Each structure stands twice: as structure tokens, then as C-alpha cells.
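Asks: Going by our numbering, the sequence shown opens with residue 41, and the numbers climb by one from there.
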Amino acid sequence: SLSEKLESVFKKLRGQGVMTEDNIKEALREVRLALLEADVNFKVVKDFVESVRAKAVGTEVLQSLSPGQQVVKIVNDELVAIMGGHEDNSINLAAKPPVSLMMVGLQGAGKTTTCGKLALHLRGRKRRPLLVPADVYRPAAIDQLKIVGKQLGVAVFDSSADQKPVDICSAAMKFAELNGFDTVILDTAGRHQIDDFLMGELAEINETIRPAEILFVADAMTGQEAVNVAAGFNDRLGITGVILTKMDGDAKGGAALSIKAVTGKPVKFVGMGEKLDALEVFHADRLVSRILGMGDVLTLVEKAQSVFDEKDAERLKQKLKKNQFDLEDFLAQLQQIRKMGSLESIMGMIPGMGKMMKQMQGAQPSDKEINRIEAIIRSMTPGERANHSIINGSRRLRIAKGSGTSVPEVNQLLKRFTEAQKVVKQLQKLGPKGLLKGMGGLG
Ligand code: GDP
Ligand code: MG
């Protein structure tokens with residue numbers, strides 16, 4: 041994986057004061073490959089890697105971070121910034137009702153499905169949507185939207201395939217106004233490629249209706265050509281946003297980066313399945329970790345640091361170094377984990393840990409389990425907490441009774457702790473000291 045490769049690259053970088061062309065070359069190469077693998081357009085990749093290089097070279101390596109974390113931070117921050125960071129991605133509903141939203145995109149991208157999803161989303165926000173079938177070319181396209189409307193209990197404008205799309209849309213706007221629909225969702229036709237005739241029709245709708253939003257719907261699996269398709273729609277129509285569909289599949293989401301880079305228009309939603317409630321608001325940071333295929337080291341470090349007392353972290357680091365991590369520490373760490381979120385989500389943020397988590401499946405505790413674990417550890421003597429190997433059968437029974445649990449549960453905890461110790465050892469091998477520090481919370 042990228043993170044594993046980066047780790048080895050960064051190991052070599054450690055201890056160097058400043059990032060140079062030379063000492064980040066390898067890391068940037070890996071970043072470039074990861075982006076290409078995620079199907080980001082090669083031109084976009086080139087520009088991106090250049091901007092990271094420019095940012096990184098000459099930058100001092102911060103004391104609290106390893107150079108690895110720092111490059112990860114630059115790569116991560118740059119990508120998040122390109123993807124719009126934390127900017128407001130909501131649908132523009134400010135216009136005088138009826139507000140019209142026009143869906144455009146290639147055939148099969150997911151326009152019709154997304155119309156339904158959007159209607160459901162908007163209804164949840166107290167809007168009264170009207171679905172408008174304006175795809176008069178694909179057989180049964182009108183019926184498809186009618187079925188979607190019926191499933192949702194959302195009104196569908198009555199159009200027929202012998203009408204001109206622009207006439208359907210105009211009539212629908214009037215109908216909406218007269219019947220109190222405040223949001224009109226226009227479902228348009230698509231082709232397999234950009235097509236002049238179709239673009240002309242869409243442009244006509246745009247000029248007549250002047251939709252509040254023209255949302256370019258794109259299949260996340262779209263590869264290198266995502267750039268051309270998006271540019272084609274944007275140049276002709278001036279899209280206002282992007283909806284990336286089929287992100288529930290294997291797509292790494294590189295298309296999002298390509299489209300954003302070439303159009304500058306924000307990704308607003310992500311389609312996460314065929315079902316009509318499978319629409320999520322877009323989060324730049326999630327997409328970025330998906331594209332890079334790496335855990336978000338920095339989120340972890342920040343999260344951990346905000347909870348951890350520096351001294352505690354230092355003390356723990358020393359213990360980890362000497363392999364003295366015991367059940368007492370385990371208890372303390374469980375409490376930290378509780379503050380930070382689930383163990384699983386924290387593990388997921390560390391490069392390489394995903395795999396380890398799979399191997400340990402079932403070993404990570406839920407909140408309720410943490411309660412039980414706490415009770416068990418509290419029923420042990422300090423000596424037992426420091427060295428659990430001295431806990432024999434009769435003591436296990438006493439501990440079980442004292443904690444209101446059972447012997448199998450005590451056994452399970454001890455087994456789990458032994459596994460945790462193994463993880464700690466593996467983390468030590470992973471090395472970067474900033475990482476270790478940040479991960480003090482991993483029992
Ligand atoms: P259109 O031609 O652009 O209107 O595309 P459709 O809405 O008809 O969708 C084409 C296919 O993609 C259908 O089989 C949809 O169920 C499927 N689809 C749409 N959005 C998603 C999504 O987010 N995830 C998945 N897995 N399938 C989707
Ligand atoms: Mg359709």
C-alpha cells in the first residue's frame with residue numbers, strides 16, 4: 041500500500057532537518073503513483089505533485105512530527121484544499137421558488153436515480169420537490185422517474201416522449217408555481233459521449249429556465265476521460281456543482297479530483313448505492329484518504345494530542361520503549377480511547393493498521409465491553425496489573441467474582457491484552473517517533 045511504501049521512504053528521511061528536492065523525490069514518486077492508480081487524470085497529477093514539491097522543498101522538519109508525517113500532511117492538506125476543504129457544499133435554494141435544479145451527465149451516470157435521492161434529501165429539509173422527466177430519448181426513461189417518484193411519494197410531472205425537453209421543463213416550472221412545489225428537479229437525457237445535438241438541447245433548457253443549479257452527475261469509475269467530459273459539460277452549460285455516483289463500489293474516487301481540478305466546481309454529494317437514501321453530503325477529507333489509500337495519520341495525531349497530557353504521552357513512550365506496557369496502562373489507555381472515539385476508528389487512521397485490525401478481528405472492544413474490562417482490571421491487585429502472567433486459576437475466579445463477570449471473560453481479556461501487547465510491539469517497529477507519541481492511546 042501507499043502508506044507502507046511511504047513509511048519505508050520516510051524512515052530514510054528521518055533526522056534530516058529540511059526537506060530537499062532530493063530527499064522527497066521518492067515520496068513524491070509514490071504519491072504520483074497512488075494518484076494515477078486512483079484514476080486521477082495524469083495532467084492533474086502532474087500539476088498536483090508539482091505544487092506539493094514547491095510547498096515541501098525548504099520546509100523545516102518540525103520537531104513534533106517526523107518528516108513522513110509532514111509530507112503526508114502537505115499532501116493531505118493540498119488535496120483537501122483542492123477538493124474544497126470545508127467549504128459549504130449545500131444546494132443553492134436561495135432563489136425565489138420554484139427553485140430549479142438541473143441534472144446533466146452521460147447516460148448511465150446516475151442522473152435519474154440521483155433525482156430521486158435529491159428529492160428525498162430535500163423533502164427531509166422541509167422542501168416540496170417536483171420531479172420532472174425530460175429525457176425523451178431513452179426508452180422508459182420517463183417511466184423510470186415515475187417509479188422513483190412513486191417509491192418516495194414525491195410528485196412527478198406528467199410529460200410525454202413526444203414533447204421537446206425544453207417545453208417539458210417550462211411547463212413543469214409553471215405547474216410547480218401554480219401547485220406550490222418549491223423545488224423542481226429536472227432529469228435530462230444523456231449520451232454515451234458528449235454530443236453536440238444533446239448539448240444544444242441542454243443549453244436551450246439552461247437559457248430558458250436558468251436553473252439555480254446545474255449539477256453534473258458523474259460515475260466515480262470514470263477514468264482519464266473524466267476531465268474531458270466534465271470540461272465539455274462545464275464549457276457549454278456552466279455547471280454549478282458535481283455529484284459523484286457509485287462511490288459504494290471499488291472506485292477510488294480519483295475522478296472527483298480530476299473534475300474539480302478542471303471545472304473548479306464543488307462536489308456536493310456522493311452516491312453510495314442504488315437505493316434512494318444512498319446519498320451523502322460530500323466530505324473532502326474522506327475522499328482524500330480514499331484516493332491516497334492511507335489512514336489519516338494527522339487526524340489521529342491531532343485527536344490524540346488534544347486528549348493526551350504531554351507528560352502522560354512521554355511516560356507511556358518510555359514504557360513502550362522498555363516494553364513495560366502493563367494492564368494498568370491498558371486501563372488508562374482504554375479510558376483515553378473512550379474519549380477519542382472507538383478503537384476501531386482510531387486504528388483505521390493509522391497506516392498499516394487496517395490489516396492488523398482484520399487479523400485481530402473481534403479483539404477490539406465496544407463501549408460496553410470497555411466497562412467490563414475496566415471492572416475486571418480494577419479487581420486485580422497492583423502486582424497482577426503489572427504482570428498478568430502471575431494470575432492463576434483461583435485468582436481468575438476471584439477476579440471474575442469481584443468484577444461481576446465470568447472466568448471465560450477474564451480469560452478473554454488476558455488473551456486480548458496479550459494481543460494488544462503484540463500490536464504495541466509492531467507499532468514500535470513502525471517507528472516514527474512522532475507517530476508513537478501520537479499513538480500513545482493504543483492499548
Ligand atoms: P442515468 O442514465 O444517468 O439517468 O442513470 P440511472 O439513474 O438510470 O442509473 C444508471 C445505473 O446506475 C442504475 O442501475 C442505477 O441503479 C445505478 N446507480 C446510480 N447511482 C448509483 C450509486 O450511487 N451506486 C450504485 N451502486 N449504483 C448507482
Ligand atoms: Mg436517466
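For every residue, glycine included, the Cβ atom is placed at its ideal position computed from N, Cα and C.
Quick caveat: nothing in here was measured; it's all calculated off a predicted structure.
Looking at the structure shown, is PHE82 part of a helix, part of a strand, or coil, going by DSSP?
Replies: Three-state DSSP puts PHE82 in a helix.
Asks: Using only the heavy atoms of the ligand GDP, determine whether one of them is closer than 7 Å to the beta carbon of GLY240.
Replies: The answer is no for GLY240.
Asks: Sort out for me which residues DSSP pairs GLY311 with in a bridge.
Replies: LEU319, per the DSSP bridge assignment.
Asks: Counting C-beta neighbours from all protein chains within 10 Å, is the total for ASN411 16 or more, i.e. buried, or is it exposed?
Replies: Classification for ASN411: exposed.
Asks: Give me whichever residues DSSP pairs with PHE256 in a beta bridge.
Replies: In the DSSP output, where bridge partners are listed per residue, PHE256 has VAL144 and VAL282.
Asks: Along the chain, where does the beta strand (DSSP E) that runs through THR228 open and close?
Replies: Segment 223-228, the beta strand (DSSP E) holding THR228.
Asks: Nearest to ALA324 by alpha carbon, out of MET312, THR303, GLY313 and GLY293?
Replies: Among MET312, THR303, GLY313 and GLY293, the Cα nearest to that of ALA324 belongs to GLY293.
Asks: Run through DSSP, which three-state label would LEU171 get?
Replies: Residue state, collapsed to three classes: strand.
Asks: Kindly indicate which residue of GLU247, MET287 and HIS428 has the alpha-carbon position closest to the one of ALA149.
Replies: When only C-alpha atoms are compared, the closest one is MET287.
Asks: Within 10 angstroms of its Cβ, does GLY57 collect 16 or more other Cβ (buried), or is it exposed?
Replies: By the 10 Å Cβ count, GLY57 comes out exposed.
Asks: How about ALA211 and VAL224: do their beta carbons lie closer than 8 Å?
Replies: Taking 8 Å as the Cβ cut-off, ALA211 and VAL224 do not qualify as a contacting pair.
Asks: Using the beta-carbon count (16 or more within 10 Å), is THR153 buried or exposed?
Replies: THR153 comes out buried.
Asks: Can you find the residues in the same chain that come closer than 8 Å, C-beta to C-beta, to ILE122, ignoring five residues on each side of it along the sequence?
Replies: Answer for ILE122: PHE88, LEU297, LYS300 and ALA301, listed in chain order.
Asks: Roughly how far, in whole angstroms, is the beta-carbon of CYS209 from the beta-carbon of LEU226, given that I think they are within contact range, below 8 Å?
Replies: That belief holds up - the Cβ atoms of CYS209 and LEU226 are roughly 6 Å apart, short of 8 Å.
Asks: For the candidate residues VAL97, VAL267 and VAL450, whose alpha-carbon lies nearest to that of SER434?
Replies: Cα-wise, what sits closest to SER434 is VAL450.
Asks: Check for me: the alpha helix (DSSP H) holding ASN63 runs from which residue to which?
Replies: ASN63 -> alpha helix (DSSP H) spans 61-77.
Asks: Just the Cα atoms here: how many angstroms apart are ARG425 and GLN452?
Replies: Looking at the two C-alpha atoms, the distance is approximately 15 Å.
Asks: Flag this pair as yes or no: are the beta carbons of MET142 and GLU253 separated by less than 8 Å?
Replies: Going by C-beta atoms, MET142 is nearer than 8 Å to GLU253.
Asks: Decide if the stretch 129-146 is in contact with the stretch 245-265; the criterion is three or more beta carbon pairs, one per stretch, under 8 Å apart.
Replies: Because the criterion of three Cβ pairs below 8 Å is met, the stretch 129-146 and the stretch 245-265 touch.
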